[in-house]
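Working notes, structure below.
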Amino acid sequence: MSQTPAPTLPPFDRKLLAVVERLVPLAEREEWSRAWQAELWHMHHRRGLHHRSALITMADFSIGLTRDALWLRTESWRRTFTGTAVLCIAFLFGLIIIASLVALAPTAGWRTLSSSLGEQCLRYIVVSPLVIFVAFASASSRHIEQGSSNRGRFWLKQQAFFSAKVIQVLVLAFVLSLDTCQPLHNAFPATADFFRIYFFVLFALFGLRWAIHDQEQRCKHCLHSLATPARVGRPSHNLLEWNGTELNCMRGHGLLSIPEMETSWCQSSRWIAIDACRLRVDEDRYLEIG
Amino acid sequence: MNAPRLSHTAALILKAISLGYCYGLDVMEITGLPSGTVYPALRRLERDEFVESKWEPEEQATSKQRPARRYYEVTREGKAAALAATQRYPLLAHLVPEKRS
């Protein structure tokens, strides 16, 4: 179907559209521009708008088209970054920055804070490996079975992401422990020091448990968060057949099968890459036909 | 299934579309909302599949010597949401009159 030529608009409108359309993602730009050209044309040729002056109406529409373009841009970012490893790392980094600013505010600068903390750093360095050990030991004993081909190719990427998360969680726990005990420090310095370590251990344990859980529920290829959890099987048939939850990678790399309970024949969660999924479906079809 | 919950503004816009006000400028006029509220709200409603949009046929627009408009239509989910919103905000039914064709 042929498209009608672009409507004639006043120079200001054309210039405004040309500037604001740069905010719109490239894939949606043409349609956005066409829609707004039509809306502006109709706005100028509308008789019902005589209550407002043309200037106010144009200002209103300028805000409208800018907000519309911004919405499309943020929506595009949301679609691109939701569930990604980059967003996770950036989010943790943002939390560290905010928590650090809260810690710095009452101590009048980083130098004062760092001098008061210098002597305690050794304690944190000793405590951190212990906390990591306890977090791993107390985490779910289930491991995730992966194909040998996946291990080699994506292992390094997974470990780098997990290490970055663990380091950020420890730093965040450290800064949050400072924030929490800051009001107590002036009146009872010794008690505050004790509670700092106590809160650090507490926050770090919670954070590391989350980091381990989050790592388990990510795609082993692209590190996106797995989505669309689906219950599979019947709980009443627990000892007879598999039942549990399946999570999918939205980019189609595979699925994670998490058994509801551990049995001798199914002790761990299984990551099934997409090729293996197809193989399993083909096997099932073959059995059904047979 | 729980009925989807909409903000008052989104419910008002959805109600207007369901009553036949099917393009942005029309919705703006009848609701009195500014364009900065209406257009992003229409995008959100479309993303959440409460409304769907389509371009007016070119022939129709050309015959009236004007550019084609983007029309919005309420989906089945949108109708359920509009109904739930009307129950939640009873005054909504009186705010927007039905469009005379």
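Those protein sequences? They're chains A and B, same order as listed. Numbering-wise, the first sequence is residues 1270 to 1559 according to this note's numbering. Numbering-wise, the second sequence is residues 1390 to 1490 according to this note's numbering. Built from N, CA and C at the ideal position, the CB exists for glycine as well.
{"Asked": "Which residue wins for smallest C-alpha separation from A/C1491, given the options A/V1501, A/S1345, A/L1292, A/M1519?", "Found": "A/M1519"}
{"Asked": "Answer yes or no: do A/A1374 and A/D1448 have a C-beta to C-beta separation smaller than 7 Å?", "Found": "no"}
{"Asked": "CB B/V1427 to CB B/V1440, shorter than 7 Å?", "Found": "no"}
{"Asked": "For A/V1444 versus A/A1368, is the C-beta distance shorter than 7 Å?", "Found": "yes"}
{"Asked": "Among B/Y1412, B/Q1454, B/E1418, B/V1463, which has the Cα closest to the Cα of A/I1326?", "Found": "Before going further, note that residue 1326 of chain A is Thr rather than Ile in the sequence given. Out of B/Y1412, B/Q1454, B/E1418, B/V1463, B/E1418 has the C-alpha closest to the C-alpha of A/T1326."}
{"Asked": "Would a C-beta distance cut-off of 7 Å place A/V1293 and A/L1341 closer than the cut-off?", "Found": "yes"}
{"Asked": "Spell out a yes or no on whether the stretch 1297-1310 of chain A and the stretch 1441-1458 of chain B are touching, meaning 3 or more CB-CB pairs, one atom from each, closer than 8 Å.", "Found": "yes"}
{"Asked": "Shorter than 7 Å from the beta carbon of A/D1329 to some beta carbon of chain B?", "Found": "yes"}
{"Asked": "Roughly how many whole angstroms lie between the Cα atoms of B/Q1476 and B/S1396?", "Found": "13 Å"}
{"Asked": "Beta-carbon of B/G1409 versus every beta-carbon of chain A: anything under 7 Å?", "Found": "no"}
{"Asked": "Examine chain A for any beta-carbon lying closer than 7 Å to the beta-carbon of B/L1401, and answer yes or no.", "Found": "no"}
{"Asked": "Measure the CB-CB distance between B/E1438 and B/T1464 and report whether it falls below 7 Å.", "Found": "yes"}
{"Asked": "What number of angstroms, rounded off, separates the C-alpha of B/S1424 from the C-alpha of B/A1470?", "Found": "22 Å"}
{"Asked": "Is the beta carbon of B/A1474 sitting closer than 7 Å to the one on B/A1400?", "Found": "yes"}
{"Asked": "Report the residue ranges of all beta strand (DSSP E) runs contained in full by the stretch 1303-1352 of chain A; include only those spanning at least 3 residues, in chain order.", "Found": "none"}
{"Asked": "For A/M1270, which residues in the same chain have their Cβ closer than 7 Å to its Cβ, ignoring the five residues on either side in sequence?", "Found": "Legend: pLDDT at A/M1270 = 47, less than 50; position of this residue unreliable, value from coordinates given subsequently. No residues qualify anywhere along the chain."}
{"Asked": "Would you verify that the beta carbon of B/S1452 is, or is not, closer than 7 Å to some beta carbon of chain A?", "Found": "no"}
{"Asked": "List the residues of chain B whose Cβ lies closer than 8 Å to the Cβ of A/Q1306, in chain order.", "Found": "P1456"}
{"Asked": "Quick one: grab the DSSP three-state call for A/A1408.", "Found": "coil"}
{"Asked": "Looking at the secondary structure, which residues open and close the alpha helix (DSSP H) in which A/P1458 lies?", "Found": "1458-1485"}
{"Asked": "By the 7 Å beta-carbon criterion, what residues does the stretch 1274-1295 of chain A contribute toward chain B?", "Found": "P1276"}
{"Asked": "Restricting to runs no shorter than 3 residues, where is the beta strand (DSSP E) found entirely within the stretch 1496-1542 of chain A?", "Found": "1496-1501, 1513-1517, 1523-1528, 1538-1542"}
{"Asked": "Could you tell me which of A/G1502, A/A1499, A/V1396, A/L1439 sits nearest to A/G1476, measuring between CA atoms?", "Found": "A/L1439"}
{"Asked": "Using a C-beta to C-beta distance shorter than 9 Å, which residues of chain A count as neighbours of B/R1432?", "Found": "D1337, W1340, L1341, E1344"}
{"Asked": "Counting contacts by CB-CB distance shorter than 7 Å, is A/W1310 in contact with chain B?", "Found": "yes"}
{"Asked": "Between the beta-carbon of A/A1442 and the beta-carbon of A/F1472, is there less than 7 Å?", "Found": "yes"}
{"Asked": "Quick one: Cα of B/L1434 to Cα of B/G1467, how far?", "Found": "8 Å"}
{"Asked": "Would you decide whether A/L1425 is buried or exposed? Buried here means 16 or more other CB atoms lie within 10 Å of its CB.", "Found": "exposed"}
{"Asked": "7 Å is my cut-off, CB to CB: does B/P1486 come that close to chain A?", "Found": "no"}
{"Asked": "Output yes if chain A places a C-beta closer than 7 Å to the C-beta of B/M1390; else output no.", "Found": "Residue confidence for B/M1390 is low, a pLDDT of 49 falling below 50, so the modelled location carries little weight and cannot support an answer."}
{"Asked": "Are any of the Cβ atoms in chain B nearer than 7 Å to that of A/G1523?", "Found": "no"}
{"Asked": "Find the residues of chain B that neighbour A/I1332, judging by a C-beta separation of less than 9 Å, and give them in chain order.", "Found": "P1423, S1424, G1425"}
{"Asked": "Please name the residue or residues paired with B/M1441 in a DSSP beta bridge.", "Found": "Checking the sequence shown, residue 1441 of chain B turns out to be Glu, not Met. Paired residue(s): B/E1462."}
{"Asked": "Out of curiosity, what's the CA-to-CA distance linking A/Q1428 and A/H1493?", "Found": "14 Å"}
{"Asked": "Mind checking which residues open and close the alpha helix (DSSP H) that includes A/V1289?", "Found": "1280-1289"}
{"Asked": "Using a Cβ-Cβ cut-off of 7 Å, state whether B/Y1460 counts as contacting chain A.", "Found": "no"}
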